[in-house]
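Written out below as C-alpha cells is the structure these notes cover.
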Amino acid sequence: MEWNNPLFAAITAWFIAQAAKLVTGLIKTKKFDLEIMFASGGMPSSHSSTVVALAVVIGFQEGFGSSLFALATIFAVIIMYDATGVRQAVGLQAKLLNDYFKGIRHETPLLNELVGHTEFQVFVGLLLGLAVGFLWPVLFF
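Add 52 to the 1-based position in the sequence shown for our numbering, that's all there is to it.
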C-alpha cells in the first residue's frame, strides 16, 4: 500500500499546530481542554500549517514546476489571506456582539470569537508548514 504523502504531511502539520494550541492553553489556563484540538483560531494557524505542508510535499513529489504545485500554492495563499482577513473580521464582530449582549440576556458568549488569525499566527503556521513539508521527504520518501 502506498502512502498519500501530501495528505499525511498536511494532517501531521494540522495535528502539530492543534497540539501546540492545546499545550499553550494548558500553560495559560492551567486546564486541559481537549476541545481546543478541534477549534479554529489561535496560535499557530493550523490552516496555514496544513496548506503550506500540503503544497511543499506536492512540490517535492510532483515537481515545483508542476501545475499541481501551482494550484496548491495558490490555494495556500488564499487560505492564509482569508484567515487574516475575512475570518479575523468575523471574530472581531463576534467579540463586539458578545460584549453588547453580555449582561443583557446572556453572561456566556453567544458567538465564537476565535475564528480568524493575526498575521503573526499565520506566519508561525506558515513556518510550521514549511518545517513539516521539508522534513517529510527526508523522513518518509
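All residues carry an ideal CB built from backbone N, CA and C; glycine is no exception.
- Of all alpha-carbon atoms in V190, G117, V176, the one lying nearest the alpha-carbon of V104 is that of V176.
- When secondary structure is reduced to three states using DSSP, K154 falls in the strand class.
- Taking 4 residues as the shortest admissible run, the segment 66-103 contains no complete alpha helix (DSSP H) segment at all.
- The DSSP-derived three-state label of E54 is coil.
- Two segments are said to touch when three or more pairs of C-beta atoms, one from each, lie closer than 8 angstroms; by this definition the segment 118-134 does not touch the segment 184-191.
- DSSP places F193 in the coil class of the three-state scheme, outside both helix and strand.
- Here S119 carries a helix assignment [DSSP, helix/strand/coil].
- Under the 8 angstroms Cβ criterion, the segment 76-96 does not count as touching the segment 122-131, having fewer than three qualifying pairs.
- As the crow flies, the alpha-carbon of N56 is around 43 angstroms from that of L149.
- Distance from the CA of G117 to the CA of G111, rounded to the nearest whole angstrom, comes to 8 angstroms.
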